[in-house]
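Protein chains in written order, with this note's numbering: chain W, 945 to 1654; chain X, 190 to 254; chain F, 6 to 137. Each remark here refers to the structure printed beneath this line.
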Amino acid sequence: MGTILKDYSYTPAKIKRGYSGKSLYINLADLRIEQKEITEFMKEKFTGGKGFDLWYLWHAITPETRWDSPENEIVMSVGPLGGITQYSGTGKTLLCAISPLTGIPIDSNVGGYFGPLLKFSGWDAFEIQGKADREILIFIDGNNGRIQIEDAAEYPEDAHLLAEELTKKYSENEDDMVNVSVACTGSGAKYGYMGMINFSFYDPRRKVCRFKQAARGGLGTILHDKKVKALVVKYRGVKPNLNDAADISTINKVGVKYHKEMHDLDQKQNKMRQIGTANTVMIMSQYDLLPTRNFQTGGDPETIKISPKVFIEEWLTQGLHDGCWYGCTMSCAKCADHFLLTTGPYAGQRVTVDGPEYECAAGLGANLGVFDPQAILEENFYCDTYGIDLISFATCTAFIMECYQRGQITQEQMGGLDLRFGNSQAVLELLHQMSRGEGFGRLAGLGIRKLKQIFVEQFGADPKLLQDIGMEVKGLEYSEYAHKESLAQQGGFAMATKGPQHDEAWLIFMDMVNKQIPTFEDKANALYYFPMFRTWFGLVGLCKLPWNDIVPADNHKTDSPAKVPEHVQNYVDLFNAVTGKNIDKEELIIQSERVYQFQRVFNVRMGKGERKDDYAPYRSLGPVTREEYLSRQELYDKQLREFQQLDPEAMGLDEKIAATRRYREDQYEQLMDAVYRRRGWTNNGIPTPERLKAIGMDLPELLEVIEPKL
Amino acid sequence: MIKVNTEESPWRPGMTVRALLDEKLFTFRHIIVRINGEFVSEEDFEKQTIQDGDDVLVLHLMAGG
Amino acid sequence: MKVLTHKQELCTGCLACELACSRAYFKTDDPNYSSIRIVENNRTYRARKCTQCGECINMCTANAIYRDRNGVVRIDKKKCVGCLGCVGFCTELVMFYADDLEVPFKCIACDICTKACPEGALEVLVSRVKEN
């Protein structure tokens, strides 16, 4: 037990219609703790969750603020629907901060207990500003209205040990452990910019702490920089209506209906309860969409070795509840129990591995040329306990591997690591080096944007090639979907506000396979609707998966099956039932758009919100190399004929590659024009005052930023 | 010739929905098929034949990430 | 394992069982608070009540459902968070809930309705079925 540095008492606010009405502010420099009011203005303009986070962050910083400036804040908030128990996926918390990778706000979502327990402890949002002078932990006791800041030097660094120790420390007995949630990074966040934050919850059946992650953007790096070892929240007494819902009857009815749908249909649809998000691995491979060897191709015959079937039959415990918050019957957070580690500091121990999620199997698997399920699970475990964003690590390591494959960097320059595609042992060793802060591990976590610069300046690599194959936009690495043939998805990634994360839009099948959005206007409409719709989840505390990873039996008969209208109606009903408000589907989109446009202007304010920042590396748009062109030659030759009236027979390979590139880059420019128009932005990507006014966001702060750019 | 998801596609007499899906490698389980706007339910995929000139939609309800 | 059984051929649909149950546990005559529900079909009467199958045990999101020493499936009120997952998942649709209750409810083979039935159509049997 470390020295208590601060002890603060408060009266936990009572929740009214989904909001406690109070937010918590802690400044780590002087350990100052304050309470702030959640105003009606905030609720109206920002709704909650990410909206509150961005509002607080805007006012905490200046355009000169860097990720490691003391005034940078980590803000977190769960939103008004967060913590209801009756529907699936109601524990999602959003975190925001200025990202080490991008220099603009990152928004990162995490499932689990922390956000709901924080709200029940009286806090709609929580700001952490400044830097402590020593490693500390912050404990929030929501039952007793107490916040303690404690010297945390003696506690372990790695998440699976730290969470276990702190969960036990703050529990009165085993039954009490479900009432504690720990947020922490790990030893891998010391160097580099892709540290993430783990959020724990106790699994009473397995008797271990499980983790979800606020992974993207480097929040763990910031947490470490601020010397916060852990955040702990405790609240005992979760009940069905702690949110003081206006209409519990509707919530119950909608919840039971959804649970029944899950019971009747999941097995026939995506089998989320058996395999979770990794169910898509085989499908993606079959449709040539699984990112393989740094997004060079869309699959590999060896994918069968990491198919859902393999994980279900050989690795993932079946039949137990695996939801990351109460009431989630989608129950998709699968895990491998009693998994024997063979490398690193915990070699020889059996652990519970939270995964693999799709991003893990695709990213740490196919995209690194690794098709060994055991290696993937071990990579997953160490990314988690070391506090490293698995997606950024995967995409960045894939980049490093291709640079090595193409002779742009040498084994010597990587400190002897033989990081060729498929060498999972080298990948694991790299992770251990990141944890120890040794060798190439000190560089590998810096991210693709920084590494491109280092490889060119220090190792003499080819800047054009690296620019083409380094899969990052705005400094954030791409998530794990091969999308070379989907113009809509190219836009969905590169024009996404935080960087190329797929949470804004996932249009690959709609675009490429179903061909439902053939024109620029169709794509622009999709790139308006889906980001706006999907943003909403992060305002109110919801997980996106229950929206469309299962659909009602008659969904295909509706006008727009891709929108899953009955589930959207569920969400409208739930929002109104909790808050007592009376929104409809249109108002839901406007709520989202307010925050979406705010975040875009925030980017403008921080210097990365213009057209120049929305371009993709060419690997995202088309074939960079000869092998890539040849791997889809029939398709690309056909497109030369159909779209450009060129004769592929009369052209050399390099000529065809160049012609394809010209065409695709021009297509992308046209897409940007259409999307910007649809989103109410200027041709330079700046939100217009007219659009802001139309949605009630013509706030002086925003107008001041955009006016000079119009 | 038929149309499959708005693109021209070769047709053979006696082509069933199942045969078309197999040919196109549309292996995804959660598929909605409409021929000239009419639904074909999954149990009819083996029986239902496609006629020359038909407009076939094969909608994959892929949630994605 | 104890389980409530119902003989259709003896049942007259008088609903005395529903009344006895809702009165005993919730002090009300409202059949929506009974753990046994009589369903009429062309003047024959079927009883819907928990079969103690236990499917809800592993899926409970709060780990609140367990078998007691009689093999009867019970909800631990201290752990239950009222998510109603069990209500939606029950294949027989015999886990019930009400909006003013924090926890769902079900038949626990307590013998109250068997004593209330004037026709002797209800009986709690002890089966030797293997439990999960």
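For glycine and all other residues, C-beta sits at the position ideal for the given N, C-alpha and C.
- Nearest neighbour of F996 (chain W) by Cα position, chosen from W:A1069, W:Y1612, W:A1594, turns out to be W:A1069.
- Close CB contacts of K1418 (chain W) within its chain, under the 6 Å cut and outside five residues either way in sequence, are with T1046, G1443, K1552, D1557 (chain order).
- Taking a contact as a CB-CB distance under 8 Å, the pair M1138 (chain W) and G1391 (chain W) counts as one, their CB atoms being some 6 Å apart.
- Within chain W, the C-beta atoms nearer than 8 Å to that of D104 (chain F) come from I1192, S1193, N1196, in chain order.
- One thing to note: V1539 (chain W) has its Cβ within 8 Å of the Cβ of T1479 (chain W).
- By the criterion of a C-beta distance shorter than 8 Å, I1005 (chain W) is surrounded in its chain by S1013, E1015, N1016, E1017, I1042, once the five residues flanking it on both sides are discounted.
- Closest in alpha carbon position to Y954 (chain W), among W:Y969, W:K1183, W:I948, W:T947, is W:Y969.
- I191 (chain X) sits in a strand when the DSSP states are folded into three classes.
- Interface criterion met: the Cβ of F94 (chain F) is under 8 Å from a Cβ in chain W.
- In the DSSP assignment, M251 (chain X) forms no beta bridge with any residue.
- For L130 (chain F), the pairing in a beta bridge is given by DSSP as F:V8.
- For S1575 (chain W), the enclosing alpha helix (DSSP H) stretches over residues 1570-1575.
- Listed as beta-bridge partners of A1069 (chain W) by DSSP are W:S967, W:S1021.
- Excluding residues up to 5 positions away in sequence, T1194, V1198 lie with their Cβ nearer than 7 Å to the Cβ of D1517 (chain W) in the same chain.
- In this structure, A1127 (chain W) keeps its C-beta atom at 8 Å or more from the C-beta atom of L1061 (chain W).
- The way I'd put it, the segment 1229-1242 of chain W doesn't touch the segment 1283-1294 of chain W; fewer than three beta-carbon pairs between them come closer than 8 Å.
- Straight-line measurement puts the Cα of A957 (chain W) at about 9 Å from the Cα of F1064 (chain W).
- Around F1058 (chain W), the same chain offers T1037, S1125, A1127, F1143, V1177 as residues with beta carbons nearer than 7 Å, after the five sequence neighbours per side are excluded.
- Beta-bridge analysis with DSSP links I70 (chain F) to F:I80.
- Within chain X, the residues placing a beta-carbon under 8 Å from that of K1459 (chain W) are N194, T195, E196, ordered along the chain.
- Residue state for L972 (chain W) is assigned as coil, using DSSP reduced to three classes.
- Beyond the five residues adjoining it in sequence on each side, A1107 (chain W) comes within less than 6 Å, by CB distance, of V1126, S1144, C1153 in the same chain, given in chain order.
- Unbroken alpha helix (DSSP H) stretches of 4 residues or longer found wholly inside the segment 1463-1518 of chain W: 1464-1484, 1489-1492, given in chain order.
- Going by DSSP, Y1202 (chain W) is part of the alpha helix (DSSP H) stretching over 1192-1209.
- The residue among W:P1652, W:T1329, W:L1615, W:E1531 with its C-alpha nearest the C-alpha of I1639 (chain W) is W:E1531.
- Only exposed fits S132 (chain F), as fewer than 16 other CB atoms lie within 10 angstroms of its CB.
- For the pair L1308 (chain W) and L1334 (chain W), the CB atoms are nearer than the 8 Å cut-off.
- Fully contained in the segment 1548-1603 of chain W are the following alpha helix (DSSP H) runs of length 4 or more, in chain order: 1562-1565, 1570-1575, 1577-1588.
- Using a CB distance cut-off of 8 Å, Q1611 (chain W) does not count as an interface residue toward chain F.
- Of all residues in the segment 45-72 of chain F, only N63, M64, C65, T66, A67, N68 come within less than 7 Å of chain W when Cβ atoms are compared, listed by chain position.
- A straight-line Cα-Cα distance of about 45 Å links I1452 (chain W) and L106 (chain F).
- The contact set of R1149 (chain W) on chain F, defined by CB atoms closer than 7 Å, consists of N68 in chain order.
- Fully contained in the segment 1097-1126 of chain W are the following alpha helix (DSSP H) runs of length 4 or more, in chain order: 1103-1113.
- By a beta-carbon distance limit of 8 Å, G1331 (chain W) contacts G1132 (chain W). Their separation comes to about 5 Å.
- Residues are counted here when their Cβ sits less than 7 Å from a Cβ of chain W; for the segment 205-225 of chain X these are L214, T216, F217, H219, I221, given in chain order.
- By DSSP's assignment, V245 (chain X) forms a beta bridge with X:V193, X:I224.
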